[in-house]
Every structure is written in C-alpha cells, then in structure tokens.
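Going letter by letter, the sequence shown gives residues 1 to 195 in the UniProt record's numbering. Backbone N, C-alpha and C define an ideal beta-carbon position, used for all residues, glycine too. Note sheet for the following structure.
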Amino acid sequence: MVILHAIMDKNTSGPQYSRMESNTVNITYRVGWGAADPRSKKQMSEPAKRVVIHHTAIRSGATPQDCIQQVTRIQKMHMKDRDFDDIGYNFLVGQNGMLYEGRGWGIVGAHTKGHNQDSVGIAVMGNFNSNEFFFYDDLPTSAALSSVKRLLQDGVSRGWLHSNYTIFGHRDLANTECPGDKLYPEIQRLRSDRD
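Dropping the structure here:
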C-alpha cells in the first residue's frame, strides 16, 4: 500500500504533493487511506471558531498501516452503524504523529452533536480512559500532540480556522468521558501553547 502525503492548500482543487518537511503539516489524504466517497458534505460558511478534541476509544495502531486500517474501520462504522454521511471527524492523528484527513478543512463534521457547524473535530487515535477494562493507551504521545498543534497553526495560517479559536474536549460539550482522563489534561497545554 502506498501512503500519499501532501500539503493542504485551500486555493487549489486538490492536495499539493510534497516531501515531508519538519515545518509543514503532512497529511495522509482520503485517497491515501482508501476513503469511501461521502454520501454528501456541507461546506462551512466561515472559518471554524472551535476545535473539539476526541479520542477514538480504540487502542492506537503501532504502524502507519495499522492506523490506516483503523481510520477505514472508523469511517465504515460511522457510515453504517451511525448513518453518518462520512467519517465524523475532520482529522485524526496517530500516536506516531501521522495525520489523516477525515472530512478535512471547511467541511461540517459529525463529531459533537449540536456543535458541528462552527467547529473542527480532531480525534487522537487511542483509548485514553483511565479505568477501562478494555485495552487503553497509557498517555497520548508528544508526536501526536505536536501534530495537532501544527495542524491548528496551519489551519489558522491558511484561513480555515479563526485566529481566536477555542479548544474544547468532547466532554466539555457533551455527556461523555471522551477524550479520556489521560488526554483531557493535554487540552489545557494546547490552550497554553497558543498564549
């Protein structure tokens, strides 16, 4: 399987392919992970004002291939079991720091009921609950958190994300444990890093 990496450019009709560089945001686009076509999609009317951080609540894959399988599985589950038009998240990030395009920038997600119109949903792949009987990840990695930070900076610089955006954990907006007790404190660090 070939993994395509590209630099997001809102001024073109598709991704601009590039070598991986440390100061850019490298995303595995939908074509790179074999996404099914969305049944429909709704454009945002203005840059997103909020960012909602989630976890996928399934153990994170160790390799890019594992992550691609998980993203594909999540899309199928969202479309089949939840009857979403597409994967619910705008982006997903693996514990290895790799970013995966879900719905992408400028598209209304289906990640936080009642809060999707003006927000971007980013799911960190892994289960960060602290008291699960199921497999869970110990902590979100610095690679994953660094990728989230770079993605947000890129979204602002390209006009997809309002410069004064607010970051929430899913639990701030809904009755849920998401993004888990081990990821939730990192949201405050992401907020502080902006100041």
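For residue 178, collect the residues of the same chain with a Cβ closer than 8 Å to its Cβ; drop the 5 residues on either side in sequence, then sort them by chain order.
Indexing the sequence shown from 1 puts residue 178 at position 178. Closer than 8 Å at the Cβ level, and outside the excluded window around residue 178, lie 54, 55, 57, 169, 170, 171.
Residue 161 lies in the beta strand (DSSP E); which residues open and close that run?
Residue mapping note: residue 161 aligns to position 161 of the sequence shown, counting from 1. Segment 161–169, the beta strand (DSSP E) holding residue 161.
With C-beta atoms as the reference, is residue 106 less than 9 Å away from residue 160?
Position 106 of the sequence shown, counted from the start, is the residue given in the question as residue 106. Position 160 of the sequence shown, counted from the start, is the residue given in the question as residue 160. Cβ atoms of residue 106 and residue 160: closer than 9 Å.
Kindly indicate the opening and closing residues of the beta strand (DSSP E) around residue 52.
The residue given as residue 52 occupies position 52 in the sequence shown. Segment 48–55, the beta strand (DSSP E) holding residue 52.
Just the C-alpha distance for residue 145 and residue 39, rounded to the nearest angstrom, thanks.
On the sequence shown, position 145 is the one that residue 145 refers to. On the sequence shown, position 39 is the one that residue 39 refers to. C-alpha separation (whole angstroms): 31 Å.
What is the C-beta distance between residue 50 and residue 165, in whole angstroms, given that I count them as a contact (C-beta under 8 Å)?
Translated into the one-based positions of the sequence shown, residue 50 becomes position 50. Translated into the one-based positions of the sequence shown, residue 165 becomes position 165. Going by Cβ atoms, the distance from residue 50 to residue 165 rounds to 6 Å, so yes, they are a contact pair.
Taking its Cβ as the centre, do 16 or more other Cβ atoms sit within 10 Å of residue 62, making it buried, or is it exposed?
Here residue 62 is taken as the residue at index 62 of the sequence shown, counted from 1. Residue 62 is exposed by the Cβ-count criterion.
Reducing DSSP to helix, strand and coil, say where residue 153 ends up.
Within the sequence shown, residue 153 is the residue found at index 153, counting from 1. Here residue 153 sits in helix by DSSP.
Would you check if the distance between the CB atom of residue 48 and the CB atom of residue 92 is smaller than 9 Å?
The sequence position of residue 48 within the sequence shown is 48, counting from 1. The sequence position of residue 92 within the sequence shown is 92, counting from 1. No, these two residues do not count as a Cβ contact at 9 Å.
If you drop the 5 nearest sequence neighbours on each side, which residues of the same chain put their C-beta closer than 7 Å to that of residue 147?
Within the sequence shown, the letter at position 147 stands for residue 147. If we look at residue 147 and ignore the five residues flanking it on each side, its Cβ neighbours are 93, 97, 99.
Can you look up residue 43 in the DSSP assignment and give me helix, strand or coil?
Numbered from its first residue, the sequence shown carries residue 43 at position 43. Residue 43: strand per DSSP, three-state reduction.
If we ignore side chains and look at the alpha-carbon of each, how far apart do residue 110 and residue 174 end up?
Here residue 110 corresponds to residue number 110 of the sequence shown, with the count starting at 1. Here residue 174 corresponds to residue number 174 of the sequence shown, with the count starting at 1. Rounded to the nearest angstrom, the two C-alpha atoms are 13 Å apart.
Which of the three DSSP states is assigned to residue 121 in this structure?
The count along the sequence shown starts at 1 and reaches residue 121 at position 121. Residue 121 falls in the strand class under three-state DSSP.
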